[in-house]
Amino acid sequence: MDHKLFIYNSLSRKKENFIPINSPYVGLYVCGPTVYGEAHLGHARPAITFDVLFRYLKYLGYKVRYVRNITDVGHLENDADSGEDKVVKKARLEQLEPMELVQRYVNSYHENMLKLNILPPSIEPHASGHIIEQQQMIRKILKRGFAYESNGSVYFDVNKYNEKYQYGKLSGRNTEEMMANTRELAGQDEKRNPFDFALWKKADPVHIMHWPSEWSEGFPGWHLECSAMGTKYLGETFDIHGGGMDLLFPHHECEIAQSIAANGVDHVKTWMHNNMITINGQKMGKSLNNFINLSEFFEGNHHLLERAYCPMTIRFFILQAQYRSTVDFSNEALQAAEKGLKRLLSAGELIGKLKTSPASTFNLSEIINETFGALNDDLNTPIAIAQLFEAARIINLINDGKETITKPDLLELGKFFNSVMIDILGLISESNVENKGNLESELMNIIIDLRLQARQKKDFQTSDLIRDRLNNLNVRLNDTKEGTTWEKE
Ligand SMILES: [Zn+2]
1 MDHKLFIYNS LSRKKENFIP INSPYVGLYV CGPTVYGEAH LGHARPAITF DVLFRYLKYL
61 GYKVRYVRNI TDVGHLENDA DSGEDKVVKK ARLEQLEPME LVQRYVNSYH ENMLKLNILP
121 PSIEPHASGH IIEQQQMIRK ILKRGFAYES NGSVYFDVNK YNEKYQYGKL SGRNTEEMMA
181 NTRELAGQDE KRNPFDFALW KKADPVHIMH WPSEWSEGFP GWHLECSAMG TKYLGETFDI
241 HGGGMDLLFP HHECEIAQSI AANGVDHVKT WMHNNMITIN GQKMGKSLNN FINLSEFFEG
301 NHHLLERAYC PMTIRFFILQ AQYRSTVDFS NEALQAAEKG LKRLLSAGEL IGKLKTSPAS
361 TFNLSEIINE TFGALNDDLN TPIAIAQLFE AARIINLIND GKETITKPDL LELGKFFNSV
421 MIDILGLISE SNVENKGNLE SELMNIIIDL RLQARQKKDF QTSDLIRDRL NNLNVRLNDT
481 KEGTTWEKE
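Each residue of the sequence shown is one higher than the one before, counting from 1 in the working numbering.
Shown next, in the form of structure tokens:
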């Protein structure tokens, strides 16, 4: 493939030319949610970031297998292997079976992702469905001497691993430093070192989710699932592993150690991390009472929100920042994003109505090159969006008769605009998202098909009649090169 996509690799700390291990196939693994509550803004950012990566890789012609897991067991409240399992605790509070709770929040997560126009991953494995694979990995690590059993639990031996490999190479931390920063926590005496981490935890008698093993009735440590499932579906070494920056340490650091300890090789070539979201300049957190669920955004149902914001506004807003920069949410910024997106969507609708001239008065290829140059530069979506705004400005000028465009350029412009807006950035008009899959939408598809057939038979009387009658109902059809979309005024 004759493009130069550069991706910032958190492991090498530099931008590298992306070359798949086995082109045209690309293996992509992203840490999915721990499903014990409603999806919030913090879930939206990695989902959108890696959705754009998934879409762009496909646009470039790669065949991508995208694995995004569901954590439904083993994620304890405390990073140091203590505290209750998040899913079990919430299930107890809501008086549900843990798997009932998991199902509820998986459904809700999917609904929110659909609203944000996020493509489903190719495989969405659950941690609880891969206990055998995780146990096999533990056995491998034990056999190679990088783990030890203690009172029915199995811990990863960081010091032993460090004799041969380097624990901390992703986060840049070293064990001496970690030792100095670690406070001994109650219940940690099973571990040889406070920074050793659990591969298998013996279950408390009250713990509902547990499985038999030679070590104890227990459950796998949180970090293990991603190593086990990544290897199962993408191979011992695959192309890209993504996730939020908050997962870099200890989660991803532990994943690297586990995979090397089990298989002797790094399981990931390129590590990508999206930065965090702040709200009015503050870190998001349950204790700060500024945690906003996605559904609260869509309904305007939160004390920090002046009103509701459409999912597409949230998506656009997040993409206005490069994924490695922080994003600060405020009502003001969201309202500005809403206006900006509207301007782009209306420009897109205008393209089909523009008149052509013998000459173009502007340089289209410059806009196209700048846009793809930005996307190839570590998915620099803000610069790509700035170029779309430049294209929108010109589209409006052509419409006003102040600039001109040739017929081939107009075709090129339509193709470019739709590819970047719809296929790559996943930005579509809100009505197209909302109407996915309902009766109204199905009926509209039938009407649009009938009108297309009429036009193909050059029966413009009928096609115009359909358009005008819909107009009377305040339903507007937009003809684009990609097909016809519709919108309620
Ligand atoms: Zn993970």
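Using N, Cα and C, we set each Cβ at its ideal position, and we do this for glycine too. Computed from a predicted structure; not experimentally measured.
Burial check for F317: the Cβ neighbour count within 10 Å reaches 16 or more, so the residue is buried. A distance below 8 Å separates the beta carbons of T313 and L341.
For I424, the closest alpha carbon among the candidates I118, E306, G281 is that of I118.
Between ligand 1 and C226, a heavy atom-to-CB distance of less than 7 Å is present. Rounded to the nearest angstrom, the gap between the Cα atoms of A374 and S216 is 52 Å. Taken through DSSP and simplified to helix, strand or coil, A384 comes out as helix. G242 has its CB no nearer than 7 Å to any heavy atom of ligand 1. Sorting R324, K140, I123, I138 by C-alpha distance to the C-alpha of K14 places R324 at the top. When the beta-carbon positions are compared, L28 and D196 stay at least 8 Å from each other. Using a Cβ-Cβ distance cut-off of 8 Å, the segment 216-232 and the segment 138-153 are in contact, since at least three pairs of beta carbons, one from each stretch, lie closer than that value. Under the three-state reduction of DSSP, H40 is assigned to strand. Residues of the same chain with a CB within less than 7 Å of the CB of D377, apart from the 5 flanking positions on each side, are F6 in chain order. Inter-segment contact for the segment 256-267 and the segment 75-90 is absent: fewer than three beta-carbon pairs are separated by less than 8 Å.
Counting only residues of its own chain and dropping the five nearest sequence neighbours on each side, E440 has no CB closer than 8 Å to any other CB. Here S441 carries a helix assignment [DSSP, helix/strand/coil]. Short of 8 Å from the beta carbon of K89, and not among the five residues preceding or following it, lie these beta carbons of its own chain, in chain order: Y36, E77. In the DSSP assignment, P311 falls within the unbroken alpha helix (DSSP H) covering 311-319. The segment 54-71 makes contact with the segment 115-133; the number of CB pairs closer than 8 Å reaches 3 or more. As summarised for the segment 187-268, the continuous alpha helix (DSSP H) elements at least 4 residues long and confined to that stretch are 222-234, 253-263, given in chain order. Taking each of K201, R173, L142, S171 in turn and checking the Cα distance to K160, the smallest one comes out for L142. DSSP places F329 within a strand segment (E or B) once states are collapsed to three.
Rounded to whole angstroms, the separation of the alpha carbons of N363 and L319 is 25 Å. Listed as beta-bridge partners of Y155 by DSSP are Y148, A198.
Within the segment 443-475, the alpha helix (DSSP H) runs of at least 4 residues that lie entirely inside it are, in chain order, 460-472.
DSSP, reduced to helix, strand and coil, places L379 outside both helices and strands of the structure shown, so it counts as coil. The DSSP assignment places no complete run of the beta strand (DSSP E) inside the segment 95-134 (cut-off: 3 residues). Take P382, set aside five residues on each side of it, and the residues of its chain with a beta-carbon closer than 7 Å to its own are Q320, A321, Q322, in chain order. Between the beta-carbon of A39 and that of L397 there is about 41 Å, and that puts the pair past the 8 Å contact cut.
Bounds of any alpha helix (DSSP H) do not take in K402, whose DSSP letter is neither H nor E.
Assignment of S10 by DSSP, reduced to helix, strand and coil, places it in the coil class. DSSP places S82 in no alpha helix (DSSP H) but in the uninterrupted beta strand (DSSP E) bounded by 82-85.
By the Cβ test, the segment 401-415 is in contact with the segment 350-360, since at least three Cβ pairs between them sit closer than 8 Å.
Remark: the shortest separation between the CB of H251 and any heavy atom of ligand 1 falls under 7 Å. At a threshold of 7 Å, L248 does not count as near ligand 1, since its beta carbon sits no closer than that to any of the ligand's heavy atoms.
Counting only residues of its own chain and dropping the five nearest sequence neighbours on each side, H241 has a CB closer than 6 Å to the CB of Y29, V268, W271.
For L288 and D328, the gap between their C-alpha atoms comes out near 15 Å.
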